[in-house]
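Notes follow the structure.
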Amino acid sequence: MKSLPVHSGSGDPRIGARLRNLRRRNHMTVEQLAAGADLSKGFVSRVERDLTSPSVDALVRLCRVLRVEVGDVFTAESDVDVVRLAEAPLVRLGGEGIREQLVTPSGNRSLQLIRATIAPGGRSEDELYSMDCRHEALHVIAGRFSLITPDRRFELEAGDTVSFPGSEPHGWVNPGETEAVVLWAMAT
(Lines of atoms letter the chains of each structure in order from A; the text may use other names.)
(Lines give C-alpha, C1' and ligand atoms only; values in the text may rest on other atoms or scores of the structure.)
Protein backbone atom coordinates (compact mmCIF):
# COMPACT_ATOMS: atom_id res chain seq x y z
CA MET A 0 0.00 0.00 0.00
CA LYS A 1 1.40 3.40 -0.94
CA SER A 2 1.26 6.32 1.47
CA LEU A 3 -0.24 9.66 0.57
CA PRO A 4 2.28 12.49 0.06
CA VAL A 5 1.50 14.43 3.24
CA HIS A 6 3.93 16.79 4.91
CA SER A 7 3.54 18.32 8.34
CA GLY A 8 2.22 21.85 8.39
CA SER A 9 3.84 24.98 9.74
CA GLY A 10 2.54 24.34 13.25
CA ASP A 11 0.60 27.62 13.27
CA PRO A 12 -2.96 26.57 14.15
CA ARG A 13 -4.51 30.06 13.56
CA ILE A 14 -7.31 29.23 15.96
CA GLY A 15 -8.72 32.76 15.99
CA ALA A 16 -10.10 32.51 12.46
CA ARG A 17 -11.43 29.04 13.20
CA LEU A 18 -13.19 30.23 16.36
CA ARG A 19 -14.69 33.14 14.41
CA ASN A 20 -15.97 30.76 11.71
CA LEU A 21 -17.47 28.46 14.34
CA ARG A 22 -19.15 31.45 16.02
CA ARG A 23 -20.60 32.59 12.69
CA ARG A 24 -21.85 29.09 11.88
CA ASN A 25 -23.70 29.18 15.20
CA HIS A 26 -25.21 32.57 14.24
CA MET A 27 -23.71 34.20 17.30
CA THR A 28 -22.33 37.68 17.82
CA VAL A 29 -19.03 38.32 19.59
CA GLU A 30 -21.08 39.68 22.49
CA GLN A 31 -23.14 36.47 22.77
CA LEU A 32 -20.07 34.24 22.68
CA ALA A 33 -18.25 36.38 25.24
CA ALA A 34 -21.26 36.43 27.59
CA GLY A 35 -21.77 32.66 27.28
CA ALA A 36 -18.11 32.00 28.06
CA ASP A 37 -17.97 34.65 30.80
CA LEU A 38 -15.20 36.53 28.96
CA SER A 39 -14.96 40.13 27.81
CA LYS A 40 -16.05 41.09 24.32
CA GLY A 41 -12.67 42.73 23.70
CA PHE A 42 -10.79 39.58 24.71
CA VAL A 43 -12.87 37.37 22.39
CA SER A 44 -12.38 39.87 19.58
CA ARG A 45 -8.59 39.82 20.07
CA VAL A 46 -8.58 36.01 20.14
CA GLU A 47 -10.57 35.86 16.89
CA ARG A 48 -8.05 38.20 15.23
CA ASP A 49 -5.15 36.07 16.53
CA LEU A 50 -3.82 39.05 18.48
CA THR A 51 -3.80 37.04 21.70
CA SER A 52 -3.98 33.39 22.63
CA PRO A 53 -6.62 32.14 25.04
CA SER A 54 -5.67 30.21 28.14
CA VAL A 55 -6.71 26.58 28.23
CA ASP A 56 -9.57 27.51 30.55
CA ALA A 57 -10.79 30.28 28.23
CA LEU A 58 -10.53 28.02 25.19
CA VAL A 59 -12.52 25.28 26.93
CA ARG A 60 -15.24 27.80 27.84
CA LEU A 61 -15.38 29.16 24.26
CA CYS A 62 -15.62 25.66 22.83
CA ARG A 63 -18.34 24.70 25.31
CA VAL A 64 -20.47 27.66 24.17
CA LEU A 65 -19.75 26.82 20.50
CA ARG A 66 -20.63 23.15 21.16
CA VAL A 67 -17.38 21.77 19.72
CA GLU A 68 -14.52 19.75 21.12
CA VAL A 69 -11.34 21.68 21.84
CA GLY A 70 -9.44 19.45 19.40
CA ASP A 71 -11.82 20.48 16.60
CA VAL A 72 -10.47 24.02 16.79
CA PHE A 73 -6.99 22.75 15.98
CA THR A 74 -8.04 20.34 13.24
CA ALA A 75 -10.68 22.43 11.52
CA GLU A 76 -10.07 22.89 7.83
CA SER A 77 -11.78 26.22 7.38
CA ASP A 78 -8.79 27.94 5.83
CA VAL A 79 -8.76 28.62 2.12
CA ASP A 80 -5.51 27.77 0.36
CA VAL A 81 -4.44 28.32 -3.23
CA VAL A 82 -1.80 26.09 -4.80
CA ARG A 83 -0.40 27.45 -8.06
CA LEU A 84 0.55 24.72 -10.52
CA ALA A 85 3.94 26.36 -11.12
CA GLU A 86 4.64 26.14 -7.37
CA ALA A 87 3.07 22.73 -6.68
CA PRO A 88 5.61 20.29 -5.25
CA LEU A 89 6.69 17.28 -7.24
CA VAL A 90 5.84 13.93 -5.68
CA ARG A 91 6.95 10.48 -6.70
CA LEU A 92 4.51 7.65 -6.15
CA GLY A 93 6.14 5.33 -8.66
CA GLY A 94 5.92 4.34 -12.27
CA GLU A 95 7.77 5.24 -15.45
CA GLY A 96 7.26 8.27 -17.69
CA ILE A 97 5.18 10.18 -15.16
CA ARG A 98 5.53 13.64 -13.61
CA GLU A 99 3.32 14.13 -10.54
CA GLN A 100 2.52 17.34 -8.67
CA LEU A 101 0.59 17.68 -5.41
CA VAL A 102 -1.93 20.46 -6.18
CA THR A 103 -3.64 20.56 -2.78
CA PRO A 104 -1.99 21.89 0.38
CA SER A 105 0.62 19.41 1.54
CA GLY A 106 -0.76 19.26 5.09
CA ASN A 107 -4.29 18.36 3.99
CA ARG A 108 -4.91 14.74 4.95
CA SER A 109 -8.61 14.50 4.11
CA LEU A 110 -8.34 15.28 0.38
CA GLN A 111 -5.35 15.22 -1.93
CA LEU A 112 -5.23 15.96 -5.62
CA ILE A 113 -2.29 14.96 -7.76
CA ARG A 114 -1.93 16.27 -11.30
CA ALA A 115 0.04 13.82 -13.40
CA THR A 116 1.48 14.13 -16.89
CA ILE A 117 2.20 10.74 -18.43
CA ALA A 118 4.37 10.26 -21.51
CA PRO A 119 3.19 7.90 -24.26
CA GLY A 120 3.83 4.38 -23.00
CA GLY A 121 4.28 5.60 -19.40
CA ARG A 122 3.18 2.98 -16.91
CA SER A 123 2.92 1.96 -13.27
CA GLU A 124 5.03 -0.78 -11.76
CA ASP A 125 4.21 -4.32 -12.87
CA GLU A 126 2.63 -5.20 -9.53
CA LEU A 127 -0.79 -3.64 -8.81
CA TYR A 128 -0.87 -1.32 -5.80
CA SER A 129 -3.40 0.39 -3.55
CA MET A 130 -3.35 3.74 -1.78
CA ASP A 131 -3.72 4.52 1.92
CA CYS A 132 -7.04 6.33 1.49
CA ARG A 133 -10.75 5.58 1.62
CA HIS A 134 -11.74 6.74 -1.87
CA GLU A 135 -9.81 7.38 -5.03
CA ALA A 136 -10.92 8.98 -8.28
CA LEU A 137 -9.17 9.63 -11.56
CA HIS A 138 -10.20 12.29 -14.08
CA VAL A 139 -8.59 12.38 -17.52
CA ILE A 140 -7.92 15.97 -18.58
CA ALA A 141 -6.17 15.21 -21.89
CA GLY A 142 -5.12 12.16 -23.88
CA ARG A 143 -5.93 8.51 -23.25
CA PHE A 144 -5.38 6.54 -20.07
CA SER A 145 -5.94 2.93 -19.02
CA LEU A 146 -6.70 2.00 -15.43
CA ILE A 147 -6.04 -1.65 -14.66
CA THR A 148 -7.66 -3.56 -11.77
CA PRO A 149 -7.43 -7.29 -11.02
CA ASP A 150 -10.67 -7.92 -12.94
CA ARG A 151 -10.84 -5.21 -15.62
CA ARG A 152 -9.08 -2.68 -17.76
CA PHE A 153 -10.82 0.69 -18.09
CA GLU A 154 -10.02 2.60 -21.29
CA LEU A 155 -10.50 6.30 -20.55
CA GLU A 156 -10.41 9.44 -22.70
CA ALA A 157 -10.36 13.15 -21.99
CA GLY A 158 -13.39 14.03 -19.85
CA ASP A 159 -13.81 10.53 -18.37
CA THR A 160 -13.76 9.94 -14.62
CA VAL A 161 -13.52 6.68 -12.69
CA SER A 162 -13.81 6.24 -8.91
CA PHE A 163 -13.06 3.29 -6.69
CA PRO A 164 -12.13 2.34 -3.11
CA GLY A 165 -8.56 3.27 -2.17
CA SER A 166 -8.00 -0.36 -1.17
CA GLU A 167 -8.66 -1.54 -4.75
CA PRO A 168 -5.39 -2.81 -6.28
CA HIS A 169 -4.71 -1.02 -9.54
CA GLY A 170 -2.13 -0.02 -12.10
CA TRP A 171 -2.14 2.22 -15.14
CA VAL A 172 -0.66 2.90 -18.55
CA ASN A 173 -0.83 5.62 -21.20
CA PRO A 174 -1.69 3.57 -24.30
CA GLY A 175 -1.81 6.61 -26.56
CA GLU A 176 0.73 8.24 -28.83
CA THR A 177 0.40 11.59 -27.07
CA GLU A 178 0.92 12.80 -23.55
CA ALA A 179 -1.92 12.15 -21.07
CA VAL A 180 -2.81 14.54 -18.26
CA VAL A 181 -4.82 13.16 -15.36
CA LEU A 182 -6.00 14.34 -11.98
CA TRP A 183 -5.93 11.80 -9.14
CA ALA A 184 -8.15 12.53 -6.14
CA MET A 185 -7.65 10.67 -2.85
CA ALA A 186 -9.96 11.15 0.12
CA THR A 187 -9.69 9.70 3.60
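Numbering (numbering that gives the first Met the number 0), first residue to last: 0 to 187. Glycine included, C-beta positions come from ideal geometry on N, C-alpha and C. Keep in mind that this is a model prediction, so the values were computed, not measured.
Three-state class that DSSP yields for Gly35 in the structure shown: Three-state result, Gly35: helix.
For Phe163: DSSP bridge partner residues: Glu135
Residues bridged to Phe144 [DSSP beta-bridge criterion]: According to DSSP, residue pairing for Phe144 in a beta bridge involves Leu155.
DSSP beta-bridge partners of Glu99: DSSP output for Glu99 lists Val90, Ala115 as bridge partner(s).
Val69 versus Val59 - alpha carbon distance: 6 Å
Sub-7 Å separation of Ala184 and Ala136 beta-carbons: yes
Beta-carbon spacing of Ser145, Pro174 below 7 Å: yes
Rounded separation between Phe73 and Leu127 - CA only: 37 Å
Of the listed residues Arg143, Arg66, Arg13, nearest to Leu32 (C-alpha basis): Arg66
Among Leu155, Ile113, Leu84, nearest to Gly93 - alpha-carbon criterion: Ile113
Assigned secondary structure, Leu182 (DSSP; H/G/I helix, E/B strand, else coil): strand
Residues near Val79 by beta carbon distance below 8 Å, same chain, minus five either side: none
Environment of Thr103 [buried if 16+ CB atoms lie within 10 Å]: buried
Local Cβ density within 10 Å of Pro164, reported as buried at 16 or more and exposed below that: exposed
Reference Ala186, options Glu167, Glu95, Asp131, Glu156, closest by Cα: Of the candidates Glu167, Glu95, Asp131, Glu156, Asp131 places its Cα closest to the Cα of Ala186.
Straight-line gap, Val172 to Gly121 (C-alpha atoms, nearest Å): 6 Å
Status (buried if at least 16 other CB within 10 Å, exposed otherwise) for Glu30: Counting the other CB atoms within 10 Å of its CB gives Glu30 a total below 16, which places it among the exposed residues.
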